[in-house]
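Engineer: Those sequence lines, one after another, are chains A and B. Residue numbering for the first sequence follows numbering that gives the first Met the number 0, starting at 0 and increasing by one per position. Residue numbering for the second sequence follows numbering that gives the first Met the number 0, starting at 0 and increasing by one per position. Glycine included, C-beta positions come from ideal geometry on N, C-alpha and C.
Number of protein chains: 2
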Amino acid sequence: MEISAKPNRICSLLGIKYPVIAGGMVWCSGWRLASAVSHAGGLGLLGAGSMHPDTLEEHILKMKETTSLPWGVNLPLMYPEMDRAIKLLVRHHVNIVFTSAGSPDKYTSLFHDHGIKVVHVVSNTRFACKCQQAGVDAIVAEGVEAGGHNGRDELTTMTLVPQVRKAVDLPVIAAGGIASGQALLAAMALGAEGVQIGTLFALSQESSASQAFKDYCLSLPDTGTLLTLRKLSPTRMARNPLSVQLQEAETHGADAALLQQILGEKASKRGIFEGDLEHGELVVGQIASACGPLRTVAEIMKNLLLEYSQARSRIQSL
Amino acid sequence: MEISAKPNRICSLLGIKYPVIAGGMVWCSGWRLASAVSHAGGLGLLGAGSMHPDTLEEHILKMKETTSLPWGVNLPLMYPEMDRAIKLLVRHHVNIVFTSAGSPDKYTSLFHDHGIKVVHVVSNTRFACKCQQAGVDAIVAEGVEAGGHNGRDELTTMTLVPQVRKAVDLPVIAAGGIASGQALLAAMALGAEGVQIGTLFALSQESSASQAFKDYCLSLPDTGTLLTLRKLSPTRMARNPLSVQLQEAETHGADAALLQQILGEKASKRGIFEGDLEHGELVVGQIASACGPLRTVAEIMKNLLLEYSQARSRIQSL
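1) Who are the Cβ neighbours of A173 (chain B) in its own chain at under 7 angstroms, not counting the five residues just before and after it?
2) Based on Cα-Cα distance, which residue from A:T227, A:T224, A:G197 and A:N239 lies nearest to I299 (chain A)?
3) For chain B, find out if any of its Cβ atoms is closer than 8 angstroms to the Cβ of A310 (chain A); answer yes or no.
4) At a CB-CB cut-off below 8 angstroms, which residues of chain A make contact with N239 (chain B)?
5) What are the boundary residues of the beta strand (DSSP E) that A137 (chain A) is part of?
6) For I177 (chain A), which of helix, strand or coil comes out of DSSP?
7) Do G271 (chain A) and S209 (chain A) have their C-beta atoms within less than 8 angstroms of each other?
8) If you check the beta carbons only, do Y215 (chain B) and L262 (chain B) fall under 8 angstroms apart?
9) Return helix, strand or coil for Q162 (chain A), following the three-state DSSP convention.
10) Can you confirm whether T107 (chain A), when its beta carbon is compared against all beta carbons of chain B, has any partner nearer than 8 angstroms?
11) With 8 angstroms set as the bound, which would you pick, yes or no: does the beta-carbon of I2 (chain A) sit closer than that to a beta-carbon of chain B?
12) Using the DSSP secondary-structure output, state which residues sit across from S102 (chain A) in a beta bridge.
13) Name the chain B residues that come within less than 7 angstroms of Q285 (chain A), Cβ to Cβ?
14) Please classify H278 (chain A): does DSSP put it in a helix, a strand, or coil?
15) With a cut-off of 8 angstroms on the beta carbons, I'd call A287 (chain B) and L202 (chain B) a contact; round off their distance for me.
16) Considering just the uninterrupted stretch of the beta strand (DSSP E) at K116 (chain A), what are its terminal residues?
17) What's the gap between the Cα of G279 (chain A) and the Cα of I59 (chain A)?
18) Short of 9 angstroms Cβ to Cβ, which residues in the segment 184-205 of chain A face chain B?
19) If you measure from the beta carbon of S316 (chain B) to each beta carbon in chain A, is any gap under 8 angstroms?
20) Cutting at 7 angstroms between CB atoms, please list the residues of its own chain near Q244 (chain B), excluding the five before and the five after it.
21) CB-CB under 8 angstroms to S3 (chain A), same chain, minus the five flanking residues each way: which ones, in chain order?
22) Would you call Q309 (chain A) buried or exposed, if buried means 16 or more other Cβ atoms sit within 10 Å of its Cβ?
23) If the cut is a Cβ gap below 9 angstroms, which residues of chain A does H251 (chain B) touch?
24) Grab the span of the alpha helix (DSSP H) containing Q357 (chain B) for me, first residue to last.
25) Counting C-beta neighbours from all protein chains within 10 Å, is the total for A255 (chain A) 16 or more, i.e. buried, or is it exposed?
26) Mind checking if S179 (chain A) is an interface residue toward chain B, Cβ cutoff 8 angstroms exclusive?
27) Could you give the distance in angstroms between the alpha-carbon of V36 (chain A) and the alpha-carbon of V296 (chain A)?
28) Per the contact definition of three or more C-beta pairs closer than 8 angstroms, is the segment 46-56 of chain B in contact with the segment 220-229 of chain B?
29) Along the chain, which unbroken stretches of the beta strand (DSSP E) at least 3 residues long are found entirely within the segment 3-42 of chain A?
30) Would you say Q162 (chain A) lies against chain B (beta-carbon separation less than 8 angstroms)?
31) Using the Cβ count rule (16 or more neighbours within 10 Å means buried), how would you classify D104 (chain A)?
32) Do you know offhand how far M62 (chain A)'s Cα is from W30 (chain A)'s?
33) Using a Cβ-Cβ cutoff of 7 angstroms, what residues of the segment 116-139 of chain A are near chain B? List them in chain order.
34) Hey, would you say V163 (chain A) sits closer than 8 angstroms to A127 (chain A), going by beta carbons?
35) Give the secondary structure of V96 (chain B) by DSSP, where H, G and I count as helix, E and B as strand, and everything else as coil.
36) Among residues of its own chain, excluding the 5 on either side of N302 (chain A), which ones have a beta-carbon nearer than 6 angstroms to its beta-carbon?
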């Protein structure tokens, strides 16, 4: 028996064909990646976190030039020039923003006043409920397997998504560890209505990360990432001399100041963008080891949909 | 179009109706729990880890008395009286053993010589490959959200299961964070052919854990567990004065000896079995917060199957 397909709320909200969002990742998510994802039927996001407002504006203009399909901007709420960034979004009629690393109370109604849809990233149910109160339009529930900055509670995608699903009525986008159609299906089984995929797109042809970073991350074993910097802001990155040194220091009780000193300035730019595999912060998710080979966004999306449909057919009744 | 159902390899291997195994958990998995799970169509396991060989023998005899359905024993390979335990299994014709915390090389062929099927628990793909070489019959791939002893690599169920599935031909049982039919479906989507469920059964009516432990764990928030003891053997437990003290000590660089001193002797017995919520080690998985209310095993199994079938119907094509 064919189930009559209800409209997917994430697709309706964002105006996209497939409920697949590419995370707006520092040093990876420029206009090339975001545009390619939107062209492939998903939602591309610019990663404002690593962009000076002038750079952000260049990328916004490029997006408008290269696609008439929906796309958005990921804006960490600790962005140093928040007011300038918001003015840019408004001036250029960007109408989707993904916010993270801060309270949704502060900016959601301001965005709404300008007709901008707001999706906020959370790592536990308490924040999900706060998002609902603040009036955001959808929630990204991101598990600890995700690359980069992580919640302090270290909930995994498998435990977080169904609990957020139950806690709020808003549509939930699952994130963390999703890099295949099977995982997309798993996320939907857990009650998500869409997925945000980071690592797989960070390691795509169109990502603006350096080739050295992509090659290194695509060759990692399954045990190739670690979560460190718990005393600064917990961050998942690839094992390399820098991250191992950070972990060792943490194990011996290093405080935030010492960790910051070891990390140095502009560590993620050095690692991801400049490809310094030894001294750079190689921000990447735990699923990196399953993301190869290097492909274009179009190939990745095609494969995701094929795997999803195959996995869906394979699922049996018990 | 109805998909013709292929026989499930886990059900065939273990002779069970539903591919649901109850983890053999210290201080929880006595004959009452194991027998109830087998009666409900899953596989019950005795948790030998917390049993003196004499106690193990009593529970084995009780199992033989109360069920003619398949059941097994979980035997950590660091069990202090391994030879006696193995003799017990052989003498009483126990024919399924789940092994963990050690190399599958050492005992698998011995078990096979006695007609005992062996399932080994792993936390990364390297160990999964070792299991296949050692000739085990199936693998449990257990993510870091699981309660109790954990692998050092902290792979989550979402990232671990599909990678183990690809690395070996053996049937894979997913574990860690699974306490609903939705999660069971997610595990199947990731390529598992069965699930091992710990926490949900540890917090059931038939579990031999204390009422105080069950009540406490069932009232935890989603952020109510933590992973600590990384310098001894990484262990997930509920937040309580003991675990918070352990985590603080770890944060300040405590070594294994100091952690052991804080933990004290028989900490898990004190916490789980005796219900000392302050000084006991409350071993439980991250999904505890989604396990309530307290129910019988029969109710839990019925609900799992119902949720699974509802979630399966809900899954749409993209």
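Structural biologist: This is what the structure holds:
1) Result list for A173 (chain B): A140, T156, V160, A186, L189, A191 and V194, in chain order.
2) Nearest Cα to I299 (chain A) within the set A:T227, A:T224, A:G197 and A:N239: A:G197.
3) Yes, A310 (chain A) counts as interfacial toward chain B.
4) Chain-order list of chain A residues neighbouring N239 (chain B): empty, with the shortest C-beta distance near 16 angstroms, by a criterion of under 8 angstroms.
5) Per DSSP, A137 (chain A) belongs to the beta strand (DSSP E) from A137 to E141.
6) Coil, per DSSP.
7) Reading the sequence as shown, one finds Ile at residue 271 (chain A) and not Gly. Taking the C-beta atoms as reference points, S209 (chain A) is found nearer than 8 angstroms to I271 (chain A).
8) No.
9) It is helical.
10) Closer than 8 angstroms: no.
11) Unreliable positioning characterises I2 (chain A) in this predicted model, as indicated by a pLDDT of 42, which lies under 50. The coordinate reading is nonetheless provided below. It does: the Cβ of I2 (chain A) has a partner Cβ on chain B nearer than 8 angstroms.
12) DSSP lists no bridge partner for S102 (chain A).
13) The contacting residues are L154, T155 and T158.
14) Taken through DSSP and simplified to helix, strand or coil, H278 (chain A) comes out as coil.
15) The beta-carbon distance between A287 (chain B) and L202 (chain B), rounded to whole angstroms, is 7 angstroms. This is short enough to meet the 8 angstroms contact definition.
16) Secondary structure note for K116 (chain A): its beta strand (DSSP E) is the uninterrupted segment K116 to V121.
17) So the alpha carbons of these two residues sit roughly 27 angstroms apart.
18) Listed by position, the residues of the segment 184-205 of chain A near chain B (Cβ gap below 9 angstroms) are L184, A185, A186, M187, A188, L189 and G190.
19) By this cut-off, S316 (chain B) is an interface position.
20) Around Q244 (chain B): I261.
21) For S3 (chain A), the predicted structure reports a pLDDT of 45, less than 50, and the residue's modelled location is therefore unreliable. A value from the coordinates is still provided. Answer for S3 (chain A): no residue qualifies.
22) With fewer than 16 other Cβ atoms within 10 Å, it is exposed.
23) Within 9 angstroms Cβ-Cβ: G252.
24) Because chain B spans 0 through 317 in this model, residue 357 (chain B) falls outside it and cannot be assessed.
25) It counts as exposed.
26) Answer yes: the Cβ-Cβ gap between S179 (chain A) and chain B drops below 8 angstroms somewhere.
27) V36 (chain A) and V296 (chain A) have their C-alpha atoms spaced approximately 6 angstroms apart.
28) No: the two stretches stay apart, fewer than three of their Cβ pairs being nearer than 8 angstroms.
29) Every beta strand (DSSP E) stretch that sits fully inside the segment 3-42 of chain A and reaches 3 residues is listed by chain position as 19-21.
30) True, the Cβ-Cβ gap to chain B drops below 8 angstroms.
31) So D104 (chain A) counts as exposed.
32) Answer to the nearest angstrom: the Cα atoms are 6 angstroms apart.
33) Residues passing the 7 angstroms Cβ filter: N123 and T124.
34) For the 8 angstroms CB-CB criterion, V163 (chain A) and A127 (chain A) form a contact.
35) Three-state DSSP puts V96 (chain B) in a strand.
36) Take N302 (chain A), set aside five residues on each side of it, and no residue of its chain has a beta-carbon closer than 6 angstroms to its own.
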